[in-house]
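Here is the structure we will look at, set down as C-alpha cells.
Protein chains: 2
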Amino acid sequence: MTQPAAAASFATFYQELPVLVTGGLGFIGSSLARRLVTLGARVTVLDNLNPGQGGNPHNLDGLAGALDVRLADQADPQAIGDAVAGRAVIFNLCGRVAHMDSLRDPFGDMHANVTAQIALLEAVRAGSPAARVVYAGTRSQYGRALTRPVREDHPQQPADINGVHKAAGERLHLVYHAVHGIATCSLRLTNIYGPRQLMAHGRQGFFNWFLRRAMDGEELQVYGDGRQVRDVLFIDDTVTAFLLAGMTTAAAGHAFNIATGEGHGVGELAEAAVAAAGRGSVRYIDYPAGEKPIEVGDFVADITAAQETLGWQPCTPLAEGLRRTAAFFESNHAHYWTER
Amino acid sequence: MTQPAAAASFATFYQELPVLVTGGLGFIGSSLARRLVTLGARVTVLDNLNPGQGGNPHNLDGLAGALDVRLADQADPQAIGDAVAGRAVIFNLCGRVAHMDSLRDPFGDMHANVTAQIALLEAVRAGSPAARVVYAGTRSQYGRALTRPVREDHPQQPADINGVHKAAGERLHLVYHAVHGIATCSLRLTNIYGPRQLMAHGRQGFFNWFLRRAMDGEELQVYGDGRQVRDVLFIDDTVTAFLLAGMTTAAAGHAFNIATGEGHGVGELAEAAVAAAGRGSVRYIDYPAGEKPIEVGDFVADITAAQETLGWQPCTPLAEGLRRTAAFFESNHAHYWTER
Numbered sequence: 331m332t333q334p335a336a337a338a339s340f341a342t343f344y345q346e347l348p349v350l351v352t353g354g355l356g357f358i359g360s361s362l363a364r365r366l367v368t369l370g371a372r373v374t375v376l377d378n379l380n381p382g383q384g385g386n387p388h389n390l391d392g393l394a395g396a397l398d399v400r401l402a403d404q405a406d407p408q409a410i411g412d413a414v415a416g417r418a419v420i421f422n423l424c425g426r427v428a429h430m431d432s433l434r435d436p437f438g439d440m441h442a443n444v445t446a447q448i449a450l451l452e453a454v455r456a457g458s459p460a461a462r463v464v465y466a467g468t469r470s471q472y473g474r475a476l477t478r479p480v481r482e483d484h485p486q487q488p489a490d491i492n493g494v495h496k497a498a499g500e501r502l503h504l505v506y507h508a509v510h511g512i513a514t515c516s517l518r519l520t521n522i523y524g525p526r527q528l529m530a531h532g533r534q535g536f537f538n539w540f541l542r543r544a545m546d547g548e549e550l551q552v553y554g555d556g557r558q559v560r561d562v563l564f565i566d567d568t569v570t571a572f573l574l575a576g577m578t579t580a581a582a583g584h585a586f587n588i589a590t591g592e593g594h595g596v597g598e599l600a601e602a603a604v605a606a607a608g609r610g611s612v613r614y615i616d617y618p619a620g621e622k623p624i625e626v627g628d629f630v631a632d633i634t635a636a637q638e639t640l641g642w643q644p645c646t647p648l649a650e651g652l653r654r655t656a657a658f659f660e661s662n663h664a665h666y667w668t669e670r
Numbered sequence: 331m332t333q334p335a336a337a338a339s340f341a342t343f344y345q346e347l348p349v350l351v352t353g354g355l356g357f358i359g360s361s362l363a364r365r366l367v368t369l370g371a372r373v374t375v376l377d378n379l380n381p382g383q384g385g386n387p388h389n390l391d392g393l394a395g396a397l398d399v400r401l402a403d404q405a406d407p408q409a410i411g412d413a414v415a416g417r418a419v420i421f422n423l424c425g426r427v428a429h430m431d432s433l434r435d436p437f438g439d440m441h442a443n444v445t446a447q448i449a450l451l452e453a454v455r456a457g458s459p460a461a462r463v464v465y466a467g468t469r470s471q472y473g474r475a476l477t478r479p480v481r482e483d484h485p486q487q488p489a490d491i492n493g494v495h496k497a498a499g500e501r502l503h504l505v506y507h508a509v510h511g512i513a514t515c516s517l518r519l520t521n522i523y524g525p526r527q528l529m530a531h532g533r534q535g536f537f538n539w540f541l542r543r544a545m546d547g548e549e550l551q552v553y554g555d556g557r558q559v560r561d562v563l564f565i566d567d568t569v570t571a572f573l574l575a576g577m578t579t580a581a582a583g584h585a586f587n588i589a590t591g592e593g594h595g596v597g598e599l600a601e602a603a604v605a606a607a608g609r610g611s612v613r614y615i616d617y618p619a620g621e622k623p624i625e626v627g628d629f630v631a632d633i634t635a636a637q638e639t640l641g642w643q644p645c646t647p648l649a650e651g652l653r654r655t656a657a658f659f660e661s662n663h664a665h666y667w668t669e670r
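Residue numbers (my numbering), protein chains in the order written: chain F, 331 to 670; chain D, 331 to 670.
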C-alpha cells in the first residue's frame with residue numbers, strides 16, 4: 331500500500347525506536363503494533379482489555395517475545411507513567427467508540443475518553459515531554475455535517491456523548507501542545523474496517539456488522555433508504571497514516587481527517603459486503619427507536635491536510651479491502667465471532 | 331434593570347416554583363438565588379464550597395429559612411438525585427472557571443466541569459425529565475476569536491483545559507436535549523462582575539482583581555499594551571438572562587452568548603476600576619511566563635440570539651455597575667478580602 335520511498339523512510343525512522351501503542355490489543359492499535367514490529371521498532375503495548383471494546387489477545391498472536399504487552403488501565407498514573415517513560419513516539423489509541431453504549435454508560439465513556447487521556451498527557455508532560463503523541467480522534471467529533479466534504483475547521487457539534495468525550499480528548503492533546511509544548515497531533519478517523527476488527531457485536535459501527543452478517547449468510551439490515559453517505563477506510567491505509575503522523579514534525583498541534591475522501595451509500599456498502607462474503611442478503615428497514623436522534627447524516631471527509639502535511643494517500647480499493655478482510659475472518663473465525 | 335413587563339412575568343412564572351441553583355453559594359449562583367427568593371420561588375441551593383472557587387456562605391446572608399441550602403458534591407449521585415427531584419427549573423452553575431488552575435489540576439477541573447455535569451444530567455434524565463436545565467457556559471469555549479463579534483456558531487477551540495471541559499459540559503447538556511428530550515440550554519457568559527464576586531484572588535479573571543487592587547489603593551498590573559478587548563457584564567443583567575432562559579421554551583437545545591456586545595480595552599477597564607474605587611493606579615507590564623500561551627486575544631460577543639430568543643437586553647452602564655460593586659465591597663470587605 332505504501333509508496334517505496336515512504337516504506338524506506340518508515341524503516342529508517344522506526345528501526346529500534348522505542349514506541350508505545352495504547353489500546354494496542356484493539357483493532358487499529360494491534361494492526362499498528364504488528365506493523366511497527368515488522369519495521370524493527372521496540373514496541374510496548376498498553377491495554378486494559380475492557381470487555382466489549384475490541385481488545386483481543388489474539389490480535390497479537392505470533393508476536394510473543396517481539397513486543398512488551400502490559401495489561402493496565404491508562405487512567406492509573408503509575409501504569410501510564412511507567413509506560414510512557416523513554417518512548418519517542420506514543421500512539422494513543424486507548425478509548426471507546428460506541429455511540430449507543432456511551433448513552434447507556436456516560437461515566438464509563440468519560441473514564442476511557444477523558445480521564446485516561448488526561449492521565450496520559452500528564453504522564454508525558456512530567457516524564458516524557460520530548461515524545462510525540464498521535465491521538466486517535468474520530469469523525470464523530472463533527473456531528474452532523476453542515477458542509478461537505480468536511481474540512482478540519484468544520485464546527486464540532488457531536489451528536490452523542492461519545493463524540494463529546496472524543497472531541498474533548500483531542501482538544502486536550504492540542505492544548506498540551508499549545509501550553510506545554512508537547513508534540514501532539516490527532517487523526518480523525520472515519521469508519522475503519524479490516525482484519526482484527528471487533529466482530530462480536532455491531533455497537534461500534536455498522537460496517538463490521540454488515541460483513542459479519544454476510545459471512546454468516548444472514549440478512550443485513552440497512553436503516554431508511556440506505557443512501558446515507560459514509561466514508562470507509564481500510565486498516566492498512568489507516569496504519570500508514572499513524573506511521574506518517576509519528577514521524578512528521580509539522581503535524582504537531584494539528585488534527586487531520588483520515589478517510590478516503592469518497593462517499594458510499596450505506597446500502598451500497600451492504601451490497602459490497604455481501605459480494606465479498608459470497609453470501610448473505612440486504613434488507614431495508616425503518617430506523618429503530620433510539621438510533622434516529624444520533625444519526626449524523628451524510629459524511630465525506632476533505633483529506634487535503636493529511637495529503638499535504640503528512641504526505642498520506644489512501645490506496646486500497648473497497649472491493650480489495652473487503653476481500654482481504656473476509657479472507658482473514660474465514661481463517662480466524664473462532665477468535666472473533668464471540669465476545670471474549 | 332429589568333423592564334416592567336418582564337418583571338411582572340418573572341413574578342408570575344417563578345412565584346412558588348420549585349427551582350434548584352447548583353453552585354448557589356458562588357458569585358452568580360447566589361445572586362440568582364437571592365433574586366429567585368425575592369420573586370417568591372421555592373429555592374434549593376446545592377454547593378460543595380470547594381475552596382478557592384468563590385463559594386461563600388456570606389453570599390446568602392440574611393436569607394436563613396428563606397431557602398434550602400445543601401452542602402454536597404454534585405458528582406455524588408445520591409445528593410444530586412435528591413436535589414433535582416421535583417424541580418421545575420434547574421440553574422446549573424456548578425463548575426470551575428480558573429484557567430491557570432486547570433493546567434495545574436486537570437483532574438479537579440474535570441471533576442467539577444464534566445463528571446459533576448454528567449451526574450446532574452443523568453439524575454435529571456432518571457428523576458426529573460420534565461425539568462428545564464440552564465447551564466452556565468463561558469466564552470472561553472471559543473478560544474481565540476477568529477471573527478468578531480463572535481457568534482454562537484463560531485468554532486470552539488478552547489486554549490486551556492478549563493475551556494475544553496466547559497465546552498464538553500455544555501455539549502453534554504445539548505446532547506441530552508437532542509437524544510433524551512431534556513429541555514436544556516446554555517448561557518455562554520463573558521467576564522461577569524459585581525457584588526458577591528470572589529475577591530480573594532485573581533485566578534478566575536482579571537476584572538475582580540483590578541477592583542480589589544484599586545480599592546486597596548494598590549497598583550493594577552495590565553499585561554502588554556492593555557488594548558486586549560474584553561466584554562464585561564454586570565451581575566444583575568446576568569441574573570436576568572438566567573431568569574429569562576429558565577422560562578423560555580424556545581431556548582431548549584440552544585446556546586446563547588450573554589455579554590454586552592461592546593468591547594473595552596483591558597487598560598480602559600483598569601482605569602475605570604480606579605475611577606470607581608477612587609484610589610489605586612495602573613501600570614503596564616510584560617506578560618508573565620505561562621499567561622501568554624493561554625491569552626485568547628480580543629473578544630466581543632454577538633448577542634443577537636439572546637436578544638431575539640430570550641428577549642434579553644443588558645442595560646447597566648460600566649460606570650454604574652462598578653460604582654455599585656465598589657459600594658457593596660466597601661460595606662462587606664471582611665467577608666470577601668481573604669480566602670475562607
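Cβ coordinates follow ideal geometry from the N, Cα and C atoms, glycine included.
Roughly how many whole angstroms lie between the Cα atoms of residue i and residue j?
i	j	result
R533/D	M545/D	18 angstroms
A602/F	R609/F	11 angstroms
T578/D	S611/D	44 angstroms
A589/F	H441/F	27 angstroms
M331/D	R364/D	Because the pLDDT of M331/D is 41, which lies under 50, any placement of that residue in the model is unreliable, and the question is left without a value.
Y506/F	I512/F	6 angstroms
Y344/F	F572/F	12 angstroms
F658/D	Y666/D	11 angstroms
R481/F	P485/D	12 angstroms
V349/D	G467/D	19 angstroms
Q333/D	G641/D	Below a pLDDT of 50, predicted positions are generally treated as unreliable, and Q333/D, at 45, falls in that range; the measurement from the model is reported next regardless. C-alpha separation (whole angstroms): 11 angstroms.
Q447/D	G499/D	6 angstroms
I420/F	Y465/F	8 angstroms
G392/D	P436/F	40 angstroms
Find the nearest neighbour of residue i within the set the options, judged by alpha-carbon distance.
i	options	result
D398/D	Y506/D, E482/D, R543/D, V375/D	V375/D
G489/D	L504/F, A475/F, P488/F	Rather than Gly, the amino acid found at residue 489/D in this sequence is Ala. The shortest Cα separation from A489/D among L504/F, A475/F, P488/F belongs to L504/F.
L347/F	G356/F, T368/F, A585/F	T368/F
E625/F	D439/F, E598/F, R557/F, T568/F	R557/F
D555/D	Y523/D, F357/D, A636/D, G627/D	G627/D
R372/D	A405/D, V414/D, L451/D, P459/D	V414/D
M430/D	Q383/D, A581/D, A341/D	Q383/D
G425/F	G583/F, P381/F, R613/F	P381/F
G356/F	F340/F, S339/F, L379/F	L379/F
G583/F	P407/F, L366/F, V509/F	V509/F
R434/D	A449/F, F537/F, Q487/F	A449/F
E650/D	P623/D, P618/D, P407/D, F564/D	F564/D
Leaving out five residues on either side along the sequence, give the residues of the same chain with a beta carbon under 8 angstroms from the beta carbon of residue i.
i	result
A409/F	L376, R400, A402, D403
F629/F	R469, Y472, A475, R478, V480, T520, V559, R560, D561, G593
G671/F	No answer is possible for residue 671/F: it lies beyond the span of chain F, which begins at 331 and ends at 670.
L541/F	Y523, M529, A603, A606, A607, L652, T655, A656, F659
Beta-carbon within less than 7 angstroms of residue i's beta-carbon, same chain only, minus the 5 sequence neighbours each way: which residues are those?
i	result
S360/D	G354, N389, L390, R526
E548/F	G610
Spatial neighbours of residue i within its chain, please: C-beta separation below 6 angstroms, excluding the five flanking residues on both sides.
i	result
I615/F	Q551
A335/F	Confidence is the limiting factor: at A335/F the pLDDT is only 47, short of 50, which leaves the residue's position unreliable and the question unanswerable from this model.
H495/D	D439, M440, N443, V444
A396/F	V367
So which residues on chain F does residue i lean against when the C-beta distance must stay under 7 angstroms?
i	result
P623/D	A508, V509
L502/D	I491, V494
D483/D	P485
F586/D	Per Cβ cutoff of 7 angstroms: no residues; F586/D is ~15 angstroms from chain F at best.
Residues of chain D with CB closer than 8 angstroms to the CB of residue i, please, in chain order.
i	result
R440/F	Position check: residue 440/F holds Met in this sequence, whereas Arg was assumed. Those within 8 angstroms of M440/F in chain D are V444, T445, I448.
P488/F	R501, V505
Kindly list, in the order they appear in chain F, the residues whose Cβ is closer than 8 angstroms to that of residue i.
i	result
A498/D	V444, V494, H495, A497, A498
In chain D, what lies closer than 7 angstroms to residue i by C-beta?
i	result
P436/F	I448, E452
V626/F	Near V626/F there are no residues of chain D at all, since even the closest Cβ is about 11 angstroms away, more than 7 angstroms.
When every heavy atom of the ligand PLP is checked, does at least one fall within less than 8 angstroms of the C-beta of residue i?
i	result
G556/F	This structure lacks the ligand PLP, and indeed carries no ligand of any kind.
* Where the stretch 348–371 of chain D meets chain F: residues whose CB sits under 8 angstroms from a CB there -> none
* Asked: Residues in the stretch 447–471 of chain F with C-beta within 9 angstroms of chain D's C-beta atoms, listed in sequence order?
  -> Answer set for the stretch 447–471 of chain F: I448, A449, L451, E452.
* Asked: What residues in the stretch 423–434 of chain F have a beta carbon less than 7 angstroms from any beta carbon of chain D?
  -> L433
* **Against chain D: residues of the stretch 628–651 of chain F by CB proximity under 8 angstroms** => For the stretch 628–651 of chain F, the set of positions with a beta-carbon nearer than 8 angstroms to some beta-carbon of chain D is empty.
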